[in-house]
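Please read the structure below before turning to the comments.
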């Protein structure tokens, strides 16, 4: 296999973040790479369709970019560092909760910028060919056959390839083909919360209207709002609420009243008029969580990124997990000397428990972010975790740190957290037990004088009763 | 709605058990019913394609048949009563575990017989029209529009209907259309076990070769075999095993060796030659479990039966749950005076927790049947449950009884079982506690004489040591 590997032909379905990064990795190996994207060339478009929740780049994403020499240009030169969560109370007061140790931060990166940078980088390789505005209409995955419709010329084009790489997102067409095959496990879950994006524009001087090196959060229990900084000094604000609440805000005055109660400080930042205009011009979008297995078909097809594990956005890990897929796939190609018959099954087996773990973690953070972040217990536990992490930097890694600032396998992050929870609850129990012992001792020592008093009382009583 | 309801036009997609029973119920209400089936008229076919695991009819199924006057003709006149599980040990010895109280039994019914009886019954109504060999090629579910291809004439036919009723099985085309709509939750899971059907023919005199009023089980831990009696005195034998075990039995001698160890008593019953021939002529089939929600789209489409809740066959409830769907849907049409805008959402909301519960119960029985049935603890618990059920027939209903011999809502069956488990484990704990007290008392009372003995021994020892 190794000698012929240079001739491998790969069809990447989807030219988003994961598809374009895969194209870079595979081109570096000398493969012939054809990338088919449903959209027109986004570099030519005024408005890019599709998902646009802001991206928070952390260690997994930047490590994957480093592998193709893009980390500096994207993360260092373009990303806006966010060192902490800035929590906004309903009264408008704020406080910060750092993400990690001093110097650790996540980066706000524009989805469009990142996608264009990756396409540009892939196009530098002469063995990468982009086919924009091409729709996958049918496929025989186990034979590596694909049929595309060129949406511009309306022509149909058949192709045969050594490997189909499905990177076509949460509603993947490649995955839909896999669902026709036996023994393919699949689940899709919509959460009851939907989201809407609003915008805080820059001030008149063209500056940020809020402190910029933070991810701002307005946690409100059953709903919440977040804001991430953009390069143009605006903020993308995302409102997460159940559909029923969106439906109930059906007049401008109801909307403003709602904001007055829950997000008062943002009204002057967004602007009352703009808030009403943007809110009623947009429909909220649903959020889907997808798990499936396996990720491959024989030695001819594999899916990655959202196509194989779409997750809710509350851990900021969707893009990071997708880019890490490319990194791991590249490592497996190294390990097995490009033998796809070995690489693909191992990719499925290795990556599945981690992908399902980050799906679960993101769902867990959906509760924590809107709710727990507000609670004293969350902040106490965070202090404890931070303290232990400072004392034992390698032995005690808090969950958020392991997920965001390390490449610990996602399912190990969960195991690690479970172990920590056990240690903490055992400690609490032990301390509680010692407390009871101590209390008993105190009671005993204070009982002695009390007993004396009672004895006196008894004798007094005796004396009093005596004469009867 | 009620006045116009007589004019309602219904398109039933799928003419299997659930589709044909629905046709009967809806025809009885005076609706115009068109049933579209992908297959040719099965009454004309020599061999019917598709699933054929034998059917075990119990209370839910027969209640649903009673509603259209078919219980006697199908269950009483045709069904073969099975009063108990007949467990076969590897050495060929057997013992029976009754399903319920004396007189309670489940019925072995042929799938083909049942389907034909239901089609015949539906066809008695002048307002039911069957369209066999029709394939659903596209649909607009929220508009009630369907396009079918007549597979005989190759013509395409469009239809508009008041209600689309998707009864097209585990791989439902109607459900695939629903998956394109937002907020549709879905999961499909294949279990690692696959199945193959074999056959024990009648003896030379045309009689059953095994005692007929039982469901025979050969539980073997990671795999198992079952047999249900047929009207023609043969047995349909179903072998459940992981694919790897099927794969490992790749020569006749390996197969026979395997049967010699695990299913020795069946070799003469099936016949060595027939066993080898049938085994190598067939490919094992996978088993899928499907959950989804909601079951409806607006007031124009609803799915039922396997289309909405395909389950593994280990509780004998797949067909029963599907037929019960028809019964409940009919009740809701009564309750809401045929107002589909009310009936459909309530059907989804009411039926979903029960459908998911029977999915889970069937998966649970997949472990129990092949494994626990063999264990002493299973039989002890069964004795306890049976005893308590005899004492408190309404208060203490064992799980199997509630699922099989009652119409208790499936999710209540699970809650009921959890409550019973708590009661039993509390009782065990209390009895255990009393036991420890009793043991302590016994030890104490026996300690006294022992202490005397020890004292004697001590003095003896003292005397012995004394002179030293």
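Residue numbers (our numbering), protein chains in the order written: chain A, 201 to 668; chain B, 201 to 668. Where a beta carbon is used, it is the ideal one built from N, C-alpha and C, also for glycine.
Excluding residues up to 5 positions away in sequence, 364, 377, 378, 497, 500 and 501 lie with their Cβ nearer than 7 Å to the Cβ of residue 341(A) in the same chain.
Interface criterion not met: the Cβ of residue 442(A) is under 9 Å from no Cβ in chain B.
Straight across, the Cα-Cα distance linking residue 385(B) with residue 600(B) is about 29 Å. If you draw a straight line from the Cα of residue 281(B) to the Cα of residue 258(B), it is about 10 Å long. Residue 324(B) and residue 403(B) have their alpha carbons spaced roughly 38 Å apart. When DSSP states are grouped into helix, strand and coil, residue 504(B) belongs to the coil group. Taking a Cβ-Cβ cut-off of 9 Å, the neighbours of residue 389(A) in chain B comprise 385, 386 and 387, given in sequence order. Residue 243(B) and residue 219(B) have their C-alpha atoms spaced approximately 16 Å apart.
The beta-bridge partner set that DSSP reports for residue 461(A) is empty.
Taking the beta carbon of residue 486(B) as reference, the chain A residues within 8 Å of it are 382 and 383, listed in sequence order. In the DSSP assignment, residue 348(A) is bridged to 336(A) and 357(A).
Closer than 9 Å to the CB of residue 424(A) there is not a single CB belonging to chain B. Look at residue 563(A): its C-beta is not under 9 Å from any C-beta on chain B. Residue 285(A): member of the beta strand (DSSP E) spanning 284-288, first to last residue.
Distance between residue 228(B) and residue 238(B), taken at the CA atoms: about 24 Å. Closer than 9 Å to the CB of residue 379(A) there is at least one CB belonging to chain B. Selection 391(A), 398(A) and 411(A) evaluated against residue 444(A) yields 391(A) as nearest (Cα-Cα). For residue 284(B) against residue 297(B), the beta-carbon gap comes to about 6 Å, under 8 Å, which counts as contact. The residue among 591(A), 539(A) and 320(A) with its C-alpha nearest the C-alpha of residue 269(A) is 320(A). Here DSSP, grouped into helix, strand and coil, assigns residue 278(A) to helix.
The three-state secondary structure of residue 241(B), taken from DSSP, is coil.
DSSP lists 385(A) as the bridge partner or partners of residue 493(A). Residue nearest to residue 620(A) within the set 595(A), 292(A) and 512(A) is 595(A) (criterion: CA-CA distance). Residue 369(A) and residue 506(A) do touch by the CB rule: their CB atoms are close to 5 Å apart, below 8 Å. Taking one beta carbon from each stretch, the stretch 507-526 of chain B and the stretch 461-478 of chain B have fewer than 3 pairs nearer than 8 Å; the two do not touch.
Burial state of residue 435(B) is buried, judged by a 10 Å Cβ sphere holding 16 or more other Cβ atoms.
For residue 367(A), no pairing in a beta bridge is given by DSSP. Judged by DSSP secondary structure, residue 232(A) falls within the beta strand (DSSP E) whose first and last residues are 232-236. Residue 548(A) and residue 383(A) have their C-alpha atoms spaced approximately 14 Å apart. DSSP, reduced to helix, strand and coil, places residue 299(A) outside both helices and strands of the structure shown, so it counts as coil. Going by beta carbons, residue 215(B) and residue 313(B) fall outside the 9 Å limit. Three or more beta-carbon pairs separated by less than 8 Å are not found between the stretch 538-556 of chain B and the stretch 578-589 of chain B, which leaves the two stretches without contact. Taking 9 Å as the cut-off, the beta carbon of residue 358(A) is found closer than this to the beta carbon of residue 345(A). Residue 325(A) sits in coil when the DSSP states are folded into three classes, being neither helix nor strand.
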